[in-house]
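Peer 1: Once you've had a glance at the structure underneath, I'll fire off some questions.
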Amino acid sequence: MSEMNPVPAPWTRTRLRAAPGAACALALLVALTACLAAAFPRSVDRYEDAALRRAVERARPATTGVGVWAEQPGLFLPRERREEALLPGTLAAQYAKVRAAVPRPLVVDPDQSTYGVRTKPQEVPDRWLPRPSGLPAQLSLAAQQGLADHATVRSGRLPHAGRVTAATAEVEAAVTVETAKSLHIKVGSVIHVPGVERAPLAVRVTGIVAPRDPERAYWATQPLLRTPDLVLVPGNGADPDKYWAGSLLLAPEAAPAMLGTAVGPWRYWQLAPSPVGLHAHEADRLKSAVASLESGPALRRIRTLTDPTTTVNTDLDTVLNDFTGLRSGVRPLVAVAAFGAGTVAAVVLLMAGGLAADRRRAELTLLRARGASLPGLAGRLLAETAVVALPAGAVGLAVALLALPGGRAPQAIAAAAAVTAVACAALPLRAAAAHRTVRIQGGRADVTTVRPSRRRTVAELTLVVVALGAVEALRRRGTTGDQLTALAPVLVGVVAALVLVRLYPLPLRGLARPAARLRGALGHLSLARAGRTSASAVLPLLALLTALTTAAFGGSVLAGVREARDQAALLAVGADARIETTSPLPAGLPDRIRRTPGVQGLAVASITYQAKPTDLTRPVPLAGVDPRDYAELASRTGLGPFPEGELRDPTGHGPLPALASPAVAGAYGTRPFPIRLEDGTTVTVRITVVVDRTPAVAGDNFLVVDRAGLNRQASLPTALLLTGSHLNGPALRAAAPHSANVQLRSEERARYADSPLQTGAEHVYTTAVAAGAGYAVLSLLLSLLRTAPERTALLARLRTMGLTRTQGRHLLILESLPQAVLAAAGGTLTGWATIRLLSPGVDLTTIALSSSSDRAATTDAVLRTDATSLLLPAAAIVLVTVGVAGAQAWWTGRRGAVAELRAGDASAPP
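In the numbering used here, the protein residues as written are 4 to 913.
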């Protein structure tokens, strides 16, 4: 074929004017898809950044702060140089260099970072300071920069200092309000700090200050500067000795006076990480930066800038490790939804290109017949599509960037560019594949006549092998493997679509003959029309099954998360609500609680946590309960249900029947054994029932007996276990004593989802599944739109032969049902099979529960089949198909047959 002549300028404009509706629809589709694709990485970045900042903010500044410490200057140095090393000017210059030596991406917060000199706490002889056990108080001297900017003077004034040396006899200091209150310090008080080879240093208190932002890093990194501590001396029995420890805040210029005290001073540069500068995608680099500070190149640079003895201490790496561990458990599940939604969106873009190619089949065939080369034709179509897709993709990207500030831009741009590229290439590639050979008229290309080629068979078998490998890898390694494991649900849906496309002709052939014997032509004609569906129906089926599989998998993930949180909350509380005190509850409290709105059931328990079997020192929590109420509670909650009679003693004078955990039952068996209660009395019990869990006591170490068999003091209730669907927390707390601990299962459940990483992942997952479902419906509409002209013409011809409007509506519905029913049934079955196949390898504990202690409380955070996510999307597919077919038949009937039969004259290509 010869090359085409140069394309005149009006070509693209002319083609777009010929179909403005199609161009606008493509632009809207590309803009929406590009916006969603660009929003996904930005959303992930935003909630991961928020989670990392929350983790750092929740950790104590003493944990996240980076402390750079150096001993006092060497004793061999002249006194003047030692004093100069502690002056603010020297420390400030070193502080600037230390901050510059901190490796990126770790960013220091200059407002909360500081530097100074301090001593360790040392005993002071002043007897007017409080001595709880006769031990003298221990005070630390601290000269920290920036006191005036971070404290408010409540009385007196801030300390001043002139020329201070190691021999200075008296300096000024301030104390915080809490230190002054606990140690009985007033403005004008003088405290004497022991010296070395000199008289004690007199420290005169000139002011009492209140810290601003006491929980932030300036004060909270070294809490003793802000709050005194009552220190217990270890090894002194049940009533250990204790002493007060606190700090005296000197002026920075007074630091050289510490050289004359009995405890040598330390120089320090206190660096607080800036939460605003923390980004989750830099977590690995952050850990490397912290490691470099603690024992790497950064530490060597800091020692060169400060002192050879300098050390760096921080637990920020522990916080980062905890965050990355939580993120590694959440990311693979989000990737599953992203791959599913992305696959369906890509299929829809390809279908849009295929629809445009089918709409212009006659035009493209004529161009090829007149000598157009395949590259030239593809180039024209690419340019024509790019004029629409590129601006639309840019608009979608801009909307995503403006709507979601704060995330990384390169990933968003790459995602939007990929969407735009697929949209631009879909039409040229589809046209090039359909018009490789110049032909005037093509043959039938329906599913009952077209046989798959060998290449397609090999490709499909390869895909099946890859899918089986992904499923097996996920079952063996879980979701912590590579991206192939995250693709497992999508690959299962793709394989199912390919299998259904091959099996689709078989039921049609089986139903064709029986339908031919029926009276009327609708059944036979609808099956014949369904059998002549285009062989390219693999794309709609691929989109539908992938969306249905992803929706089913997503629904199972969310259902598993809900059930895991509910189970963990139930194990923590033991019922829907729990009221417990360490002392006996008031006598009339159970009746008042029963009358509280929402309470449906109540079980009284007398819990002794320090009950000890006489032959063991390890305590075993013992709960005394009313057998009837407690059996109903255990049955309703599912925590160790048992028959009521198992806890009753029919004789009234034998050992008390007991319900026990497997650990206790394994230790004592069924023989009677005595237990010493907290009041010193002894009760003999015999284990009759063994259960894994029980509502009254958390954990796997417990005994439950009938409290009627206990003495009066031991049988007094200390806990109330409530059940009810709508319990009122404020009302329960108002009715309970002030000392009571009131727990609600709903509040406990809400606490498990307090991490932005978990809530953000759930929101992104839900959005991705919803987007996939929306694109699946769009693919169904595109599939029906592709055959709409042919159906309309068929109805027009059949109406001229006497077909009524009702029969025409039934014909279109029956024709569309086989493929819709096949997709719905296949999608439901595939979703169910995917959940069953992948459930052993998917652990939802990380995304469901927020802390490691909560995760240890439950062992059942797995995928749960959710009937709604399985059946509702499938039913929606059938309903949409029937609705579109019925609407098309109604609209065709309104237009009339004559207009449709003459439509081809006007639409014929030139």
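Every residue, glycine too, gets a C-beta built ideally from N, C-alpha and C.
(1) Which residue comes first and which comes last in the alpha helix (DSSP H) that contains Thr-685?
(2) Under a Cβ-count criterion, where at least 16 other Cβ atoms within 10 Å of its own Cβ denotes burial, should Phe-79 be classed as buried or exposed?
(3) How do the segment 431-439 and the segment 346-364 stand: do at least 3 beta-carbon pairs fall below 8 Å, yes or no?
(4) Out of Lys-245, Val-315, His-187, which one is the CA nearest neighbour of Gln-273?
(5) Pick out whichever of Gly-119, Gly-374, Ala-140, Pro-135 has its Cα sitting closest to the Cα of Gln-125.
(6) Give the straight-line distance between the Cα atoms of Val-915 and Arg-56, rounded to the nearest whole angstrom.
(7) Rounded to a whole number of angstroms, what is the C-alpha to C-alpha distance between Val-333 and Gly-379?
(8) Please tell me whether Val-623 and Leu-662 are closer than 7 Å, where the distance is taken between their beta carbons.
(9) Provide the residue(s) that pair with Pro-660 in DSSP beta bridges, ordered along the chain.
(10) Enumerate, from N- to C-terminal direction, the unbroken beta strand (DSSP E) stretches of 3 or more residues contained entirely within the segment 586-623.
(11) Just the Cα atoms here: how many angstroms apart are Ala-386 and Ala-403?
(12) Considering only DSSP beta bridges, list what Asn-316 is partnered with.
(13) Would you decide whether Cys-427 is buried or exposed? Buried here means 16 or more other CB atoms lie within 10 Å of its CB.
(14) Start and end of the alpha helix (DSSP H) containing Ile-211?
(15) With a floor of 3 residues, list each beta strand (DSSP E) that falls wholly inside the segment 714-786, ordered by position along the chain.
(16) Taking Cβ positions, are Ala-292 and Pro-106 nearer each other than 7 Å?
(17) Identify every run of the beta strand (DSSP E) within the segment 106-169, keeping only runs that are complete inside it and at least 3 residues long; order them along the chain.
(18) How would you write the range of the beta strand (DSSP E) that Val-628 sits in, first residue to last?
(19) Between the Cα of Leu-352 and the Cα atoms of Val-422, Glu-649, Ala-254, which residue gives the shortest distance?
(20) Please specify which runs of the alpha helix (DSSP H), each continuous and at least 4 residues long, are wholly inside the segment 215-249, giving them in chain order.
(21) Could you tell me if Ser-250 is buried or exposed, where buried requires 16 or more neighbouring beta carbons within 10 angstroms of its beta carbon?
(22) Report buried or exposed for His-656, applying the criterion of at least 16 other Cβ atoms within 10 angstroms of its Cβ.
(23) Could you tell me which whole alpha helix (DSSP H) segments of length 4 or greater appear in the segment 26-89?
(24) Tell me Glu-583's beta-bridge partners as DSSP assigns them.
(25) Taking only the alpha-carbon atoms, compute the straight-line gap between His-153 and Asp-216 and give it to the nearest angstrom.
(26) Flag this pair as yes or no: are the beta carbons of Ala-562 and Asp-869 separated by less than 7 Å?
(27) If distances are taken between C-alpha atoms only, which option among Thr-871, Thr-584, Ala-500 comes closest to Arg-736?
(28) If you pair each beta-carbon of the segment 764-773 with each one of the segment 585-602, do three or more pairs fall below 8 Å?
(29) Given a cut-off of 7 Å, decide if Leu-636 and Pro-543 are closer than it, judged by their beta-carbon atoms.
(30) In chain order, what residues of the same chain lie with their CB nearer than 7 Å to the CB of Thr-726, ignoring the 5 residues before and after it?
(31) Exposed or buried, what is Cys-27 when buried is set at 16 or more other beta-carbons lying within 10 Å of its beta-carbon?
(32) Pair every Cβ in the segment 307-324 with every Cβ in the segment 738-748, then say whether three or more of these pairs are closer than 8 Å.
(33) Ser-842: which of Val-576, Ala-555, Val-883 sits nearest, CA to CA?
(34) Would you give the residue range spanned by the beta strand (DSSP E) that Leu-430 belongs to?
(35) Have a look at Trp-893 and Val-391 and give me their C-alpha separation to the nearest angstrom.
(36) Who are the near neighbours of Leu-377 in its chain, counting only those whose CB is closer than 6 Å to its CB and skipping five residues on each side?
Peer 2: Once the coordinates are examined:
(1) Run containing Thr-685: none in the alpha helix (DSSP H); it sits in the beta strand (DSSP E), 685-693.
(2) A residue is called buried when at least 16 other Cβ atoms come within 10 angstroms of its Cβ; Phe-79 does not meet this threshold and is exposed.
(3) With three or more CB-CB distances shorter than 8 Å, the segment 431-439 counts as touching the segment 346-364.
(4) Among Lys-245, Val-315, His-187, the Cα nearest to that of Gln-273 is on Val-315.
(5) Per the Cα distances, Ala-140.
(6) Here the chain comprises residues numbered 4 to 913, so residue 915 is not present and cannot be evaluated.
(7) Going by the C-alpha atoms only, they are around 48 Å apart.
(8) The answer is no: Cβ separation not under 7 Å.
(9) For Pro-660, which the question treats as bridged, DSSP gives the partners Arg-689.
(10) 604-611, all fully within the segment 586-623.
(11) Taking the straight line from one Cα to the other gives about 25 Å.
(12) Asn-316 is bridged to Gly-70.
(13) Under this definition Cys-427 is a buried residue.
(14) In the DSSP assignment, Ile-211 falls outside any alpha helix (DSSP H) and lies within the beta strand (DSSP E) extending over 204-214.
(15) Fully enclosed beta strand (DSSP E) runs of no fewer than 3 residues occupy 722-726, 744-747 of the segment 714-786, in order along the chain.
(16) Contact: yes.
(17) Runs of the beta strand (DSSP E) lying entirely within the segment 106-169, each at least 3 residues long, are 117-121, 141-147, 154-159 in chain order.
(18) Counting along the chain, Val-628 sits inside the beta strand (DSSP E) bounded by residues 625-628.
(19) Minimum Cα distance to Leu-352 is reached at Val-422.
(20) Whole alpha helix (DSSP H) segments, 4+ residues: 220-223.
(21) The residue in question, Ser-250, is buried, as its Cβ has 16 or more Cβ neighbours within 10 Å.
(22) Note on His-656: under 16 other CB atoms within 10 angstroms of its CB, so exposed under the neighbour-count rule.
(23) Here the runs fully enclosed are 64-67, 82-88.
(24) Per DSSP, the beta-bridge partners of Glu-583 are Ala-722, Asn-744.
(25) When rounded, the distance between both Cα atoms is 8 Å.
(26) Their beta carbons are under 7 Å apart, which means Ala-562 touches Asp-869 by this criterion.
(27) For Arg-736, the nearest C-alpha among the options comes from Thr-584.
(28) No, because fewer than three Cβ pairs between the segment 764-773 and the segment 585-602 fall closer than 8 Å, the two stretches do not touch.
(29) No; because the gap between Cβ atoms is not below 7 Å, this pair is not in contact.
(30) Counting only Cβ-Cβ distances below 7 Å, and skipping sequence neighbours, we find Ala-578, Asp-579, Gln-603, Gly-604, Leu-636, Arg-639.
(31) With fewer than 16 other Cβ atoms within 10 Å, it is exposed.
(32) Verdict: no, contact absent.
(33) Closest by alpha carbon: Ala-555.
(34) No beta strand (DSSP E) contains Leu-430, which is instead part of the alpha helix (DSSP H) from 412-437.
(35) Annotation: Trp-893 to Val-391 spans about 33 Å, alpha carbon to alpha carbon.
(36) Around Leu-377: Ala-435.
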